[in-house]
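Data first, discussion second: the structure below is written as structure tokens.
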Amino acid sequence: MNPISRLHSNPRLSRVVMHNGVAYLAGIVAPDCSQDAAGQTRQILARIDALLGEVGSSKERLLSVQIWMGNMKRDVDAMNTVWCEWVDPAQSPARATCQVTFDDPEILVEVIVTAAL
């Protein structure tokens with residue numbers, strides 16, 4: 506049986522779970538939610554870079570990304586601009602973007618990532 510590794514765990518969740526050569530990142534939100542969607546997206550992508558680097562992966566190894574937004578009509582263009590500056594167009598992951606209702610109205614963007622190790 507292949508081992509399962511967990512990083513940055515607490516009683517509710519693990520920030521990263523690794524199994525069978527794949528890293529699963531829990532939903533990442535910006536640490537400073539006072540910023541607009543572009544600012545929050547930049548913070549989130551920086552956290553994703555750091556977490557992937559910690560487990561020996563990178564954005565070039567992304568498999569799947571889910572982007573959740575509080576108001577797509579208002580913020581999707583700003584988020585996509587930052588996303589397109591960050592992602593390697595030759596290594597684009599499968600991606601879905603949807604609108605959700607967050608418990609905290611200051612959260613504008615949340616991103617879930619699956620990446621190869």
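Using my numbering, you'd call the opening residue of the sequence shown number 506 and step up by one each time.
Glycine included, every Cβ here is placed at the ideal spot set by N, Cα and C.
Residue environment, residue i, which counts as buried when at least 16 other CB atoms sit within 10 Å
i      : result
Ala621 : exposed
Ile509 : exposed
Ala555 : exposed
Val605 : exposed
Gln596 : exposed
Ser562 : buried
Met506 : exposed
Leu557 : buried
Asp580 : buried
Contacting residues, own chain, Cβ-Cβ under 8 angstroms from residue i (five flanking each side not counted)
i      : result
Ser539 : Glu611
Gly575 : Gln604, Val605, Thr606, Phe607, Pro610, Ile612, Leu613 and Val614
Leu568 : Val527, Pro598, Ala599, Thr619, Ala620 and Ala621
Ile553 : Leu530, Ile533, Lys564, Val616 and Val618
Glu559 : Leu512 and Val521
Ser519 : Arg511, Leu512, His513 and Ala531
Own chain partners of residue i with C-beta closer than 7 angstroms, once the 5 adjacent residues on each side are dropped
i      : result
Ile549 : Ile533, Val534, Ala535, Val614 and Val616
C-beta contact flag for residue i and residue j at 8 angstroms
i      : j      : result
Val570 : Arg600 : yes
Tyr529 : Thr602 : no
His501 : Val521 : Missing from the structure shown is residue 501; the chain here goes from 506 to 622 and no further.
Ala543 : Ala583 : yes
heavy atom of the ligand MG below 7 angstroms from residue i C-beta
i      : result
Ala528 : In the structure on display, the ligand MG does not appear, and there are no ligands present to speak of.
**Request:** Quick one: which unbroken alpha helix (DSSP H) runs of 4-plus residues sit fully inside the region 551-595? Chain order, please.
**Result:** 577-591
**Request:** Scan the region 508-553 and note each continuous beta strand (DSSP E) run of 3 residues or more that stays entirely inside, going in chain order.
**Result:** 509-514, 519-524 and 527-533
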